[in-house]
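Notes for the one structure printed next.
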Amino acid sequence: MIAIELCEGAIYKGNAYQNDTLLMETVASELTGCDSIIQTSIKVWPNAKTSISASLCWGESFEGIKVFSDTIMVLQGQTWRGCDSTTSCHITVHERLLPQIHAPTIFCDGEKAPMKVGNYAGYLWSTGDTTPEIEVGQGGLYEVTVTDQFGCTAKASHLLEVSAMQVQVRTIQPLCTGEENGEMSLDVAGGRAPYFTSLNGGAFQEKVDYDGLKAGNHHVKLRDHAACELERIIYLPDPPSFEMEVLQDTILLLGETFDLQAVSTLPIDAYQWSPSLGLNCDDCPSPTAFPMATTQYRLFAVTENGCEAEGAVTLVVRKEDDVYVPNAFSPNGDGTNDFFTVYPGRSVLKIKQLQVFDRWGEAVFSVFDAPPFHPATHWHGRFRDMPCQSGVFVWLLEVEYIDGRVGLLKGDLVLMK
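Here you go:
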C-alpha cells in the first residue's frame, strides 16, 4: 500500500482531491502476465480558513500597514503541514481625533492665559497638567495629548504670545533750574505696535517723545495695540553744574597711538582740542593722538546751553631703540630659524642699511633703504651663491625712526649648521 498526504484541492495523477481517498489500481506483470493490485491511501489535510476582528485607532498600523477606515484585510500563509492558511481580518477604525486648543493668541505680561480643549477621557499637557483646562503665565508653544474611551490619542498645539513691553527712557533735563524745556523719549520694544502714551494723567496719544517738561517726577502710562499697559515714573532732575575731566596722563612709546577721552557731568555739544598737531581731528569727542614727542593736549568743551569747561592730559613719549636682533640662526632648510633678519618696532620708518661681515671684515650680505620686514632684509647664510661656514659674524644696522632720528646698532651673530 502506498500512503500519500495532500493538501485540500491538491492534484494527484491528474485529479484534485478534497477528501481522504483509497485508490485501487490493477497493473499487469510483464514477466508473469498476472495482474497486480496497488492500493494508494490518500490523506487530505484541509486548508486553514479563519476570521478575526480588530479595533484600531485612526492611522494605526496592522501588519505593517497604516489603516484609516474600516476594512477587511486578507492574510495568506501556510499551516505547519504546508497547506494554505487564509485569515480574514475585519478591522474597525475608531473615529479620528481632532482636538483643538481654545486660547487667546496673545495676552499681557503678568497675567494668566486660559487654555482648554474638548471633552475626552484623558489629557496630558506639555506642562504636565492632566485637566481639560489650564492657565499659563508664559508665552510659547503648548501641546496637549488627548485620549478617548478606546485609548486612542491625538495631539494639538497652540502658540501663545506674551505682550511683554519693555521701555528705555532717554531724558534731557531742563537747561536751567525751574525752566520747562526738558525732554523725554521712550524706546519701546515688545508688545504690539502702535504704542500710545499718557503723560501725567492726560489723554492717550500715539507718541513716545515729549518736550517742554519741568524737573521732577512724571507719570507715564504706555499702552500697546493689544490693550496691554505699562507704567513708569520718570524723574527729570535739575541740571547739575557742568564739570569735565580728561583721562589721566599716560606714557607711550614712540609710534604708539592713544584715544583721548573726556568724562563730563553734562552732554558736550562742541569740542576743541589743542594743539591739533598729532591728532586725527581736533573737534571730535575722542580723537586719536599720534605724538612724536611729549605733548600736553587741552580740551575746551561747550554744552548745548553754552556751559564751558577745560581739561588737560599729558602724553609722555618715550624714545627707545625698539629693534630686536637675534644672535643666532641655522640655515639648514628645516623651516625653523632658516634666515637672519631684524625685527623693528612700530617706531621704525626704514632700514637705511643692514650689513653682515665675516671675521675678515668682508661684507657677505648688504641691503639699503628697505622697509621693515621686507624679504630683502633676510640673509639665508650664503655668499656669492655658496653657503657660508659656521662661525661668528658681525652685523651693522642703521635705522630711521618716524620722528626723523637715525639709530646705529651693531652686534655679533652665530651661524650654526
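In my numbering, the protein residues as written are 810 to 1226.
From the three backbone atoms N, C-alpha and C, an ideal C-beta is built for every residue, glycine too.
Residue range of the unbroken beta strand (DSSP E) whose run includes Thr859: Translated into positions along the sequence shown, residue 859 becomes position 50. Element bounds for Thr859: Ala857 to Leu865.
Outcome for Tyr1044 when other beta-carbon atoms lying within 10 angstroms are tallied against a minimum of 16: Sequence index remark: in the sequence shown, residue 1044 carries index 235 (1-based). By the 10 Å Cβ count, Tyr1044 comes out exposed.
Where Thr1186 sits in the DSSP three-state scheme: Looking up residue 1186 in the sequence shown gives position 377. Helix, per DSSP.
Chain-order list of residues whose beta-carbon lies under 7 Å from that of Val1157 (same chain, five-residue window excluded): Reading the sequence shown from its first residue, position 348 is the one you call residue 1157. Cβ within range, chain order: Asp1131, Val1132, Pro1181, Val1208 and Tyr1210.
Simplified DSSP assignment, three categories, for His1028: Along the sequence shown, read from residue 1 onward, the residue named residue 1028 stands at position 219. Of the three classes helix, strand and coil, the one that applies to His1028 here is strand, per DSSP.
Exposure label - Trp1169; buried when at least 16 CB within 10 Å: Here the question's residue 1169 lines up with position 360 in the sequence shown. Trp1169 comes out exposed.
Reference Thr980; option with closest CA among Glu814, Asp1020, Lys852 and Tyr1004: Working through the sequence shown from its first residue, we reach residue 980 at position 171. When only C-alpha atoms are compared, the closest one is Asp1020.
Beta-carbon contacts of Thr1103 that lie in its chain and below 8 Å, excluding the five residues immediately before and after: Taking the sequence shown and counting its residues from 1, the one referred to as residue 1103 is at position 294. Here the set comprises Thr1123, Leu1124, Val1125 and Val1126.
Own chain partners of Tyr1080 with C-beta closer than 7 Å, once the 5 adjacent residues on each side are dropped: One-based indexing of the sequence shown puts residue 1080 at position 271. Within the same chain, Tyr1080 has close Cβ partners Asp1092, Cys1093, Pro1094, Leu1108 and Ala1110.
Under the three-state DSSP convention, the category His903 falls into: The sequence position of residue 903 within the sequence shown is 94, counting from 1. Here His903 sits in coil by DSSP.
Under the three-state DSSP convention, the category Ser966 falls into: The residue labelled residue 966 in the question sits at position 157 within the sequence shown. If DSSP states are grouped into helix, strand and coil, Ser966 belongs with the strands.
DSSP state of Arg1155 mapped onto helix, strand, coil: The residue you call residue 1155 lines up with position 346 of the sequence shown. In this structure, Arg1155 counts as coil in the three-state DSSP scheme.
First and last residue of the uninterrupted beta strand (DSSP E) at Asp996: As a position in the sequence shown, residue 996 is number 187, starting the count at 1. Here the beta strand (DSSP E) through Asp996 covers Gly991 to Ala998.
Cutoff 6 Å; reference Ser1083; Cβ partners in own chain excluding five residues on either side: The count along the sequence shown starts at 1 and reaches residue 1083 at position 274. Counting only Cβ-Cβ distances below 6 Å, and skipping sequence neighbours, we find Arg1107.
Cβ-Cβ distance between Ala1118 and Thr1066 below 8 Å: Position 309 of the sequence shown, counted from the start, is the residue given in the question as residue 1118. Position 257 of the sequence shown, counted from the start, is the residue given in the question as residue 1066. Their beta carbons are not under 8 Å apart, which means Ala1118 does not touch Thr1066 by this criterion.
C-beta atoms of Gly931 and Thr956 nearer than 8 Å: One-based indexing of the sequence shown puts residue 931 at position 122. One-based indexing of the sequence shown puts residue 956 at position 147. It is a contact, given that the beta carbons lie within the stated cut-off.
Buried/exposed call for Leu1069, threshold 16 Cβ in 10 Å: In the sequence shown, the residue the question calls residue 1069 occupies position 260. It is buried - the Cβ of Leu1069 has at least 16 other Cβ atoms within 10 Å.
For Cys866 and Glu904, the rounded distance between their alpha carbons: In the sequence shown, residue 904 corresponds to position 95, counting from 1. In the sequence shown, residue 866 corresponds to position 57, counting from 1. Rounded to whole angstroms, Glu904 to Cys866 spans 7 Å at the Cα level.
Alpha-carbon spacing of Ser1199 relative to Thr1145, whole angstroms: The residue given as residue 1199 occupies position 390 in the sequence shown. The residue given as residue 1145 occupies position 336 in the sequence shown. The alpha-carbon atoms of Ser1199 and Thr1145 are separated by roughly 17 Å.
Beta-ladder partner(s) of Arg1127, from DSSP: Taking the sequence shown and counting its residues from 1, one reaches residue 1127 at position 318. For Arg1127, which the question treats as bridged, DSSP gives the partners Leu1062.
Short Cβ contact (8 Å threshold) for Thr895 with Asp879: Position 86 of the sequence shown, counted from the start, is the residue given in the question as residue 895. Position 70 of the sequence shown, counted from the start, is the residue given in the question as residue 879. Not in contact: Thr895 and Asp879 (Cβ atoms no closer than 8 Å).
Residue of Gly999, His1034 and Glu872 minimising C-alpha distance to Gln1014: The count along the sequence shown starts at 1 and reaches residue 1014 at position 205. Nearest option by C-alpha distance: His1034.
Cβ distance (whole Å) where Val1165 is taken to contact Val1151 below 8 Å: Translated into the one-based positions of the sequence shown, residue 1165 becomes position 356. Translated into the one-based positions of the sequence shown, residue 1151 becomes position 342. No, Val1165 and Val1151 are not in contact; Cβ-Cβ is about 11 Å, not under 8 Å.
Residue(s) in a DSSP beta bridge with Pro1196: Translated into the one-based positions of the sequence shown, residue 1196 becomes position 387. DSSP output for Pro1196 lists Arg1191 as bridge partner(s).
Residues near Ile811 by beta carbon distance below 8 Å, same chain, minus five either side: To locate residue 811, count along the sequence shown from 1; it is residue 2. Correct list, in chain order: Ile847, Gln848, Thr849 and Ser850.
CA nearest to the CA of Ala1012, picked from Gly991, His1028, Pro1048 and Lys1023: By 1-based counting over the sequence shown, the position of residue 1012 is 203. Of the listed residues, the one whose Cα sits closest to Ala1012 is His1028.
Chain B within 8 Å of Arg1191, Cβ atoms only: Among the chains in the structure shown there is no chain B, since it carries only a single protein chain.
Cβ pair Leu984, Asn1114 closer than 8 Å: For the purposes of this step, residue 984 is taken as residue 175 along the sequence shown, with counting starting at 1. For the purposes of this step, residue 1114 is taken as residue 305 along the sequence shown, with counting starting at 1. For Leu984 and Asn1114, yes; Cβs fall inside 8 Å.
Proximity to Ala963 [Cα-Cα], best of Thr954, Glu1054, Gln975 and Pro1048: One-based indexing of the sequence shown puts residue 963 at position 154. If we check each option's Cα against that of Ala963, Thr954 comes out closest.
Cβ-based neighbour list, Phe1177, same chain, cut-off 6 Å, excluding 5 preceding and 5 following: By one-based count along the sequence shown, residue 1177 stands at place 368. For Phe1177, where only same-chain residues beyond five positions count, the Cβ hits under 6 Å are Gln1162.
Contact check, Lys1023 vs Thr1006, beta carbons under 8 Å: Residue numbering aside, residue 1023 sits at position 214 when the sequence shown is read from its first letter. Residue numbering aside, residue 1006 sits at position 197 when the sequence shown is read from its first letter. Against a cut-off of 8 Å, the Cβ pair of Thr1006 and Lys1023 comes out as no contact.
Segment limits, beta strand (DSSP E) that includes Gln975: Locating residue 975 in the sequence shown gives position 166, counting from the first residue. Gln975 -> beta strand (DSSP E) spans Gln975 to Ile981.
Between the CA atoms of Gly1120 and Leu1227 - distance to the nearest angstrom: Shown here, the chain extends from 810 to 1226; a query on residue 1227 therefore has no answer.
Beta-carbon spacing of Leu969, Tyr951 below 8 Å: Walking along the sequence shown from the start, residue 969 turns up at place 160. Walking along the sequence shown from the start, residue 951 turns up at place 142. Yes. Within cutoff.
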